[in-house]
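A.B. asks:
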Amino acid sequence: MAQTDMARTDLAGGAARRAVTVAGGAVAALALWTLTGPVAGHTPSAETGGEIQQVGAVAVAAGALVAGLAAWALLAVLERTVGRPARAWTTTAAAVLALSLAGPLGGAADTASMAALTAMHLLVGAVLIAGLGTSARDRRGGPRADR
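For the sequence shown, the working numbering begins at 8 and goes up steadily by one.
Okay, here's the thing in structure tokens:
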């Protein structure tokens, strides 16, 4: 196989792995939502605009997918702009995850919802940080150098 064919195959494999990671974050969040909602009988809810609204499966999946795609985009930018993208990715992603916890900690309608929504944030964050971080490539296109 020619060098360019190998590079294309490697890039396609990296994109596929990242897509699976993003989807995996959404699936993990939906699994936890299912356990806390339909199985346990308590659908998480949040207070928005003075009203309490249930957090449904669509909101959970959409939120996880948007977070995952934004994370992928950030990693792509870091791979082109910094020498150690995996390290920069992990640090930045962990900080964003910590900041994102303000949502469920401050907006949950009750304690059970706070616990469930916080767990969903942490679960999606863990999947994305680990999955995308291990796929980081340095600026030369090779595997990351800071493993």
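Glycine included, each C-beta is placed from N, C-alpha and C at the ideal position. The model shown is predicted, which means the values in this text are computed figures rather than measured ones.
Within a Cβ cutoff of 6 Å, which residues of the same chain sit near Ala115, ignoring the five residues on either side of it in sequence?
C.D. replies: Here the set comprises Ala53, Met121, Leu124.
A.B. asks: Three or more C-beta pairs under 8 Å: does that hold for the region 28-46 against the region 56-72?
C.D. replies: These segments touch.
A.B. asks: Can you say whether Thr41 is buried or exposed, counting buried as having 16 or more other CB atoms within 10 angstroms of its CB?
C.D. replies: It is exposed - the Cβ of Thr41 has fewer than 16 other Cβ atoms within 10 Å.
A.B. asks: Using only the alpha-carbon positions, how far apart do Gln60 and Gly90 sit?
C.D. replies: Going by the C-alpha atoms only, they are around 44 Å apart.
A.B. asks: Under the rule that 16 or more other beta-carbon atoms within 10 Å means buried, what is Val46, buried or exposed?
C.D. replies: Under this definition Val46 is an exposed residue.
A.B. asks: Tell me the DSSP secondary structure of Arg144 in three-state form.
C.D. replies: Arg144: strand per DSSP, three-state reduction.
A.B. asks: Enumerate in chain order the residues of its own chain whose CB-to-CB distance from Leu76 is below 7 Å, with the five nearest sequence positions on each side excluded.
C.D. replies: Here the set comprises Val29.
A.B. asks: Alpha carbon to alpha carbon, how far is Ile136 from Ala101? Give it in angstroms, no decimals.
C.D. replies: If I take the Cα positions, the gap works out to 8 Å.
A.B. asks: Measuring from the CB of Gly31, is there a heavy atom of the ligand COA at a distance below 8 Å?
C.D. replies: This structure lacks the ligand COA; in fact it carries no ligand of any kind.
A.B. asks: Could you check what DSSP says for Thr99 in three-state terms: helix, strand or coil?
C.D. replies: Helix.
A.B. asks: Apart from the five residues just before and just after Trp96, which ones in its own chain have a Cβ nearer than 6 Å to its Cβ?
C.D. replies: Contacts found: Leu82, Leu85, Gly140, Ala143.
A.B. asks: With a 10 Å radius around its C-beta and 16 neighbouring C-beta atoms as the bar for buried, classify Gly132 as buried or exposed.
C.D. replies: Gly132 should be labelled buried.
A.B. asks: Whole angstroms is fine: what's the gap from Asp153's alpha carbon to Ala78's?
C.D. replies: Reliability of the predicted coordinates at Asp153 is poor, the pLDDT of 46 falling under 50, and the value obtained from them is presented with this limitation in mind. Straight-line Cα distance between these residues: approximately 19 Å.
A.B. asks: If I measure Cβ to Cβ from Asp12 and keep anything under 8 Å in the same chain, skipping five residues before and after, which residues do I get?
C.D. replies: A caution first: Asp12 carries a pLDDT of 43, below 50, which makes its placement in the model too unreliable to give a value.
A.B. asks: Determine the direct distance from the alpha carbon of Thr99 to that of Ala126, and round the result to whole angstroms.
C.D. replies: Approximately 20 Å, taken between the alpha carbons.
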